[in-house]
Amino acid sequence: MKFLLNLASVVYYFVLLIRKYIYKYFIKTKKLPCVVVSIGNITLGGNGKTPGVEFLVNKLTSDGKKVVVLSRGYKRKSKDKILVVSDYEKIYQDANSAGDEPYMLAVKFPGVPVIVGKDRYLSGVFACEKFSPDVIILDDGFQRRFELYRDFDILMINSRNPYGNFKIFPAGILRESLNCLSEADVLMLTRVDQVQNFDKLYEVLNKVAPQLPVVETIYEPISIIKLADNSSIGKSEEYSYEILRGKKGFSFSAIADNGSFLNTLKSLKLEIVKHTEFLDHYKYTIADLKNIVNDAKSINANYIITTEKDAVRLPSNFSFLIPVYVMKIALKITKNEEKLWQKFPII
Numbered sequence: 062m063k064f065l066l067n068l069a070s071v072v073y074y075f076v077l078l079i080r081k082y083i084y085k086y087f088i089k090t091k092k093l094p095c096v097v098v099s100i101g102n103i104t105l106g107g108n109g110k111t112p113g114v115e116f117l118v119n120k121l122t123s124d125g126k127k128v129v130v131l132s133r134g135y136k137r138k139s140k141d142k143i144l145v146v147s148d149y150e151k152i153y154q155d156a157n158s159a160g161d162e163p164y165m166l167a168v169k170f171p172g173v174p175v176i177v178g179k180d181r182y183l184s185g186v187f188a189c190e191k192f193s194p195d196v197i198i199l200d201d202g203f204q205r206r207f208e209l210y211r212d213f214d215i216l217m218i219n220s221r222n223p224y225g226n227f228k229i230f231p232a233g234i235l236r237e238s239l240n241c242l243s244e245a246d247v248l249m250l251t252r253v254d255q256v257q258n259f260d261k262l263y264e265v266l267n268k269v270a271p272q273l274p275v276v277e278t279i280y281e282p283i284s285i286i287k288l289a290d291n292s293s294i295g296k297s298e299e300y301s302y303e304i305l306r307g308k309k310g311f312s313f314s315a316i317a318d319n320g321s322f323l324n325t326l327k328s329l330k331l332e333i334v335k336h337t338e339f340l341d342h343y344k345y346t347i348a349d350l351k352n353i354v355n356d357a358k359s360i361n362a363n364y365i366i367t368t369e370k371d372a373v374r375l376p377s378n379f380s381f382l383i384p385v386y387v388m389k390i391a392l393k394i395t396k397n398e399e400k401l402w403q404k405f406p407i408i
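Residue numbering for the sequence shown follows the working numbering, beginning at 62 and increasing consecutively.
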């Protein structure tokens, strides 16, 4: 089995090389009439692209820039080539039709258009014609860099597991060769507070991309959101996480790096008696939620807590009968922030 996975990785690697060669010499990269900034990675999941997108949206909109977010809408049910999730006035889709991350962005940033589409160029042309943005942010756009020109590429790297076993998918978690790191404009390390030894991480970066600036970040807990009875994240109250201290908690999550969520809860000195994990982007059923409630009751939990990405995937017609909270986080730069903005095209 290991041999077959390694063989498949080699084949996949050469497919990527051929694709790159074709775009370099035979297909012209398309360009949009506005600034394009990409948030991406070179490993599978768990790198914190969505908090990175949120960070940029907050920064650019606070500076008065008109922003549109483009996403592929991973695991969305809608088959539309171009799907408007939200515009300046309204949210038109839910997490099932648009994908959980685009919907969550639409909920968190009312007035910032979010568009879903596999072809980023077509989606970008539509966005430019309809919304006339100053900047388009591509959520998970690095692997499309040969098809669509971008003015700035940010690559997110999960400090907890930056390179896996150094092998390309399917034998490892790399989506491309590590040498591709050098094609970005800045590298952004995430979850640096959950790692003690950076030697190996930086050793690789200094070897494959010594010229690139590196920015260090954490995911800072901001508050907790209490869900309404209909499980709608849009109808909620915010509190300090301190109100949960001294109480027994049950947590669950379905994100790429479930361990990081549990670490964050523990860092806040919350007593999490039990934690249940699901696969990334898992679609919860009523039966799942009943099991979660039963498990929480079995340990006499005073509350249940989960992530924002999970909250938007919860069925809206279920009442937990136990207080349910959502941990709200934000990306915070802890080192070298000036290196991010030095060559940023629209500040």
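Ideal Cβ placement from N, Cα and C applies to all residues, glycine included.
Quick caveat, the model's predicted, so the values are computed rather than measured.
Assigned secondary structure, residue i (DSSP; H/G/I helix, E/B strand, else coil)
i, result
"T122", "helix"
"F230", "coil"
"A270", "coil"
"L375", "coil"
"L409", "One cannot answer for residue 409 here, as it falls past the ends of the chain, which runs 62 to 408."
Per DSSP, the bridge partner or partners of residue i
i, result
"A159", "A159 pairs with nothing; no bridge assigned."
"V114", "In the DSSP output, where bridge partners are listed per residue, V114 has none listed."
"Y210", "Bridge partners of Y210: none, in fact."
"T395", "In DSSP, T395 forms no bridge with anything."
"M217", "M249"
Straight-line gap, residue i to residue j (C-alpha atoms, nearest Å)
i, j, result
"K138", "T346", "16 Å"
"L239", "N267", "12 Å"
"F405", "I176", "23 Å"
"L235", "A391", "26 Å"
"D356", "T90", "52 Å"
"G310", "I304", "12 Å"
"S292", "L382", "Its pLDDT being 46, under 50, S292 is placed unreliably in this model, and the value from its coordinates should be taken loosely. Cα to Cα, S292 sits roughly 11 Å from L382."
"P174", "F230", "33 Å"
"I218", "Y73", "22 Å"
"L77", "G113", "26 Å"
"D195", "A317", "32 Å"
"D141", "G178", "7 Å"
"V96", "S193", "11 Å"
"S301", "H336", "21 Å"
"D260", "L121", "33 Å"
Span of the beta strand (DSSP E) around residue i
i, result
"F311", "309–314"
"E277", "275–288"
"S147", "144–147"
"Y364", "364–368"
"V130", "128–132"
Run of the alpha helix (DSSP H) containing residue i, from where it starts to where it stops
i, result
"E398", "398–402"
"Y74", "63–86"
"G101", "Note, G101: premise wrong, no alpha helix (DSSP H); beta strand (DSSP E) at 96–101."
"I183", "Note on identity: in this sequence residue 183 is Leu, with Ile being the wrong assignment. Segment 181–192, the alpha helix (DSSP H) holding L183."
"V354", "347–359"
Complete alpha helix (DSSP H) runs within the region 311–343 (minimum length 4 residues, chain order): Within the region 311–343, the alpha helix (DSSP H) runs of at least 4 residues that lie entirely inside it are, in chain order, 319–328.
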